[in-house]
Structure formats: structure tokens, C-alpha cells
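Just so we're aligned: the sequence shown equals residues -22 to -1, 1 to 238 in mature numbering (1 follows the signal peptide of the UniProt record, and there is no 0).
C-beta atoms are modelled at their ideal positions from N, C-alpha and C, and glycine is treated no differently.
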Amino acid sequence: MTRRLIQAAGAALMLLAGTALARPALAQETVRVGSTPTGVPFTFLDTKTNTIQGVMVDVISAIGKQAGFSVQIEPFQFSTLIAALTAKKIDAISAAMFITPPRQEVIAFSAPVYTYGEGLVVPKADTKAYTAFADLKGETVGAQVGTAFVDALKKSGQFSDVKVYDTFPDMLRDVNAGRVKAVFADAPIIAYNLKSGNFPNAHLVGSYKPVVVGSVGIGVRKDDAALLAKINAGLSKIKENGELARILEKWGLQPSVNPS
């Protein structure tokens, strides 16, 4: 009887030990993802739920389901995202952030999620068929801080001044009121915002040909190769199974938009 009790106790201990060892594998990793409250349809603050929503939130959430991690979205201004990532306040960036060489010197990016170029917005009364920077030579134009468009505008040498805005709405309000000749920003974000009707005196110039065409990607720290591998694997799966295309369609974007 004693031997049987000892054997039973030993078996129970082995079972408990096995369960304890299994727990870490069962626990799902939570990835803190920095995103922005402006930039609809890519990211925006949903005032009804007080949460960040949009294309890039849906994309990273779908990637997480495929790769086996949960997502915790944390709001940051666009210009502070990379600093927050390198300071380890977040683990990844999922926003309308182009993969550019200067950014790749600081952080690592996933494979491309979506490709597009900048759009040009001018006051509605301005009906000129602008096609390039040179058509606005000597004018004051604007772009949002932290975007790839600011450097391109400044380096072109075409403008008397390049006004840099903290937020996307501030920029659109200025061109809507005629306080600036034109502004440049992500074409899909501009189109979505103008459809809202909040900027009735501004319009997107259909004839304009973008200069800064790039791809949005998920950003991670350079030393976090394991997370990058998971994100790329998950991204590959949602491209293959059509989920990425469905997310883009949900937010009114075409799967292969690349303005030219």
C-alpha cells in the first residue's frame, strides 16, 4: 500500500512539473505596438471607443493572430514613434511609416505592407493642373513633421518656404483657409480626410505625379530579430490567404495602389 502511495505521489509530482514547464509555452506574448491618433484610414482615434483603429491596427492584429502574439496598441504622435521604439517604450511601430534608408539606419522594417506616393492639396479655387514641384516654384507649401515628404520638399529648392506641421488636421485647415499655397501628404490619407467634408475649400490635385513613392512597413528594433521574423511570417500568411486585401478593401484602399 505504501509503495502504491509513493508511486501515485511521484506520478502526481511529475504531472505538476510537466504542467509548470508547459505554462510558458502556453502564455501568449504581448507586443506593445506604437500607433498614431491621426492618419485615417491607416490609423486614427475612434472617439466612440477611445481606441486607435485603422488599416495598420487591423494589419498588425492579423499578423499577431498568425504569428502567435497578442497586440497592445499604444498612442504616440508620429514624430515620436521611432524614439519610443528605440527607448523600449514599445516593441513595434504600425502606422503609415515609409520604409526609408535614413529610418533603416535606426530601426528594422518588415516586408512592405502597402505602397503609395504623396498627394498634393490646394485651395478649391485653384484649378491649375499641377504635375510637379516645379509648378509651385517660389510658393510656400507644407508637410507634416516626421514624414518623408519634408526632406524631399526642402531638398528640391523649389519653394520659398516649407512649413512643417505637427498634425495632419492643422495642415489641411491651413490650405482649406488659404493660409498656405499647397500641402503634400500621404495620398490615401488625404483622399479619406477630404471625403469627410470637413475641408470643403480644399481639393486633391488629380494631375499631380508623386515624387516620394514608398512602402509602409512594420518597424521593430534592430536587435529584435526574433520579433521581426514572426511579423514577416505572419505578414506573408495574410498576403497569401487574402486577409491583407480584405483589410485594405474594408478601409477603401485598393490592394496595389501606387500613384503614378
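>> Using only the alpha-carbon positions, how far apart do Ala110 and Glu7 sit?
In response: 47 Å
> Between the C-alpha atoms of Ile225 and Lys200, what's the straight-line distance to the nearest angstrom?
Replying inline: 28 Å
>> Less than 8 Å between C-beta atoms, sequence neighbours within five positions excluded: which residues of the same chain meet that for Gly42?
In response: Val9, Ser48, Val49, Gly212
> With a CB to CB cut of under 7 Å and the five nearest residues on each side skipped, what residues in its chain are close to Met(-22)?
Replying inline: Reliability fails at Met(-22), whose pLDDT of 46 lies under 50, so the model's placement of it is uncertain and no value is given.
> Beta-carbon separation of Val84 and Val153 under 8 Å?
Replying inline: no
>> Restricting to Cα atoms, I'd like to know which of Leu205, Ala203, Pro166 is closest to Gly97.
In response: Pro166
>> Considering only the alpha carbon of each residue, which of Pro147, Ile216, Ser88, Phe177 lies closest to Thr16?
In response: Pro147
>> Tell me whether the stretch 169 to 177 and the stretch 34 to 41 touch, counting them as touching only if at least three CB pairs, one residue from each stretch, are closer than 8 Å.
In response: no
> At which residues does the alpha helix (DSSP H) containing Gly42 begin and terminate?
Replying inline: 33 to 45
> Who are the Cβ neighbours of Ser138 in its own chain at under 8 Å, not counting the five residues just before and after it?
Replying inline: Gly116, Glu117, Thr118
>> Give the list of continuous beta strand (DSSP E) stretches no shorter than 3 residues that lie fully inside the stretch 142 to 229.
In response: 160 to 164, 180 to 182, 192 to 194
> Apart from the five residues just before and just after Asp69, which ones in its own chain have a Cβ nearer than 6 Å to its Cβ?
Replying inline: Val9, Arg10
> What is the rounded straight-line gap between the Cα of Lys159 and the Cα of Gln122?
Replying inline: 15 Å
> Do the CB positions of Thr21 and Ala73 come within less than 8 Å of each other?
Replying inline: yes
> Can you tell me where the alpha helix (DSSP H) with Thr93 in it begins and where it stops?
Replying inline: Element bounds for Thr93: not the alpha helix (DSSP H) but the beta strand (DSSP E), 92 to 94.
> Counting pairs of Cβ atoms below 8 Å between the stretch 55 to 69 and the stretch 181 to 196, do you hit three or more?
Replying inline: no
> Helix or strand or just coil, what does DSSP make of Ala61?
Replying inline: helix
>> Please tell me whether Pro90 and Ser13 are closer than 8 Å, where the distance is taken between their beta carbons.
In response: no
> In terms of residues, what are the limits of the beta strand (DSSP E) holding Leu23?
Replying inline: 22 to 24
>> My assumption, with CB atoms under 8 Å, is that Ile216 sits in contact with Ile196. Please give the rounded CB distance.
In response: The Cβ separation is near 12 Å, so there is no contact.
> Quick one: Cα of Asp113 to Cα of Ala65, how far?
Replying inline: 42 Å
>> Quick check on DSSP: helix, strand or coil for Leu114?
In response: helix
>> Judging by CA-CA distance, which residue of Leu206, Gly220, Trp229 is the nearest neighbour of Ala45?
In response: Leu206
>> Starting from Val84, trace the alpha helix (DSSP H) in both directions and tell me its first and last residue.
In response: Where Val84 is concerned, there is no enclosing alpha helix (DSSP H), given that its DSSP letter is neither H nor E.
> What separation, rounded to the nearest whole angstrom, lies between the Cα atoms of Phe177 and Gln82?
Replying inline: 35 Å
>> For Val183 and Leu150, what's the separation of their Cα atoms in angstroms?
In response: 14 Å
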